[in-house]
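Below is one structure; the comments refer to it alone.
Numbering (my numbering), first residue to last: 72 to 311.
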């Protein structure tokens with residue numbers, strides 16, 4: 072998978088686990104050319120078959136974004152540390168031409184992100200069978216206040232439900248308008264999204280009272296420049 076991510080980043084254009092220690096999440100956000108969706112998926116399938124044929128050991132997830140303009144996929148994987156990015160993946164070498172000829176020609180734009188997991192703020196009970204994720208991104212102007220508020224919110228939710236609900240990530244560098252943080256909430260399927268639960272601010276009100284909850288909410292909002300969300304669906308066939 073690292074080889075595929077690197078190839079997608081470096082090849083010239085021809086036209087969501089939780090762990091005890093922090094790891095690095097790699098994300099390649101791929102915008103597909105209009106009318107090229109089927110060809111792109113066929114190319115990724117060819118890459119996967121080639122990689123498995125060559126006994127490739129890496130794993131990855133390919134997520135399809137539901138909302139927004141065009142067809143957008145996010146290819147994700149986890150590495151334990153920076154040193155793992157130095158390692159070669161010989162199984163991917165015989166498949167390089169597939170990336171060049173069968174995948175890259177169908178990609179309009181590729182944005183590569185890196186983010187660190189934040190296990191101290193994240194769920195301790197991740198479920199491996201998740202197929203839908205709700206991802207909320209944040210661009211912040213005061214990370215100290217932002218982190219303090221999400222920690223306080225998480226503490227309240229954990230006291231009521233036994234665990235926090237999401238997995239938090241801190242972005243590593245990136246463009247000026249790139250997110251600083253994101254949180255993912257995962258679901259077994261869309262039906263699970265219909266389950267009704269108290270919102271986090273209701274939990275905060277019940278635990279701390281309306282006045283303090285409102286203060287924390289204002290601190291949270293004032294620490295941010297903006298936030299936005301997307302829902303992503305796992306493509307099991309093209310993941311490994």
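Here a beta-carbon is modelled for each residue, glycine too, at the ideal position from N, C-alpha and C. Since this is a predicted model, take the numbers as computed values, not measurements.
| Asked | Found |
| --- | --- |
| Residue 148 - containing beta strand (DSSP E), residue span | 142 to 150 |
| Residue 105 versus 266, 176 and 122, residue with shortest Cα-Cα distance | 176 |
| Outcome for residue 318 when other beta-carbon atoms lying within 10 angstroms are tallied against a minimum of 16 | Limits of the chain in this structure are 72 at one end and 311 at the other, which puts residue 318 out of reach. |
| Assumed close pair residue 133, residue 149 - CB separation to whole angstroms, cut-off 8 Å | Incorrect: roughly 14 Å between the Cβ atoms, too far for contact. |
| Cα-Cα separation between residue 229 and residue 295, rounded to whole angstroms | 23 Å |
| Beta-carbon spacing of residue 193, residue 226 below 7 Å | no |
| Where residue 296 falls: helix, strand or coil (DSSP) | strand |
| According to DSSP, residues forming a beta bridge with residue 253 | 208 and 240 |
| Under 7 Å between C-beta atoms of residue 101 and residue 221 | no |
| Inter-stretch contact at 8 Å, needing at least 3 Cβ pairs: the segment 249 to 267 / the segment 105 to 115 | no |
| Start-to-end residues for the alpha helix (DSSP H) that takes in residue 135 | Here residue 135 belongs to no alpha helix (DSSP H); instead the beta strand (DSSP E) covers 132 to 136. |
| Inter-residue spacing [alpha-carbon to alpha-carbon] between residue 82 and residue 232 | Reliability fails at residue 82, whose pLDDT of 40 lies under 50, so the model's placement of it is uncertain and no value is given. |
| C-alpha gap between residue 234 and residue 195, whole angstroms | 7 Å |
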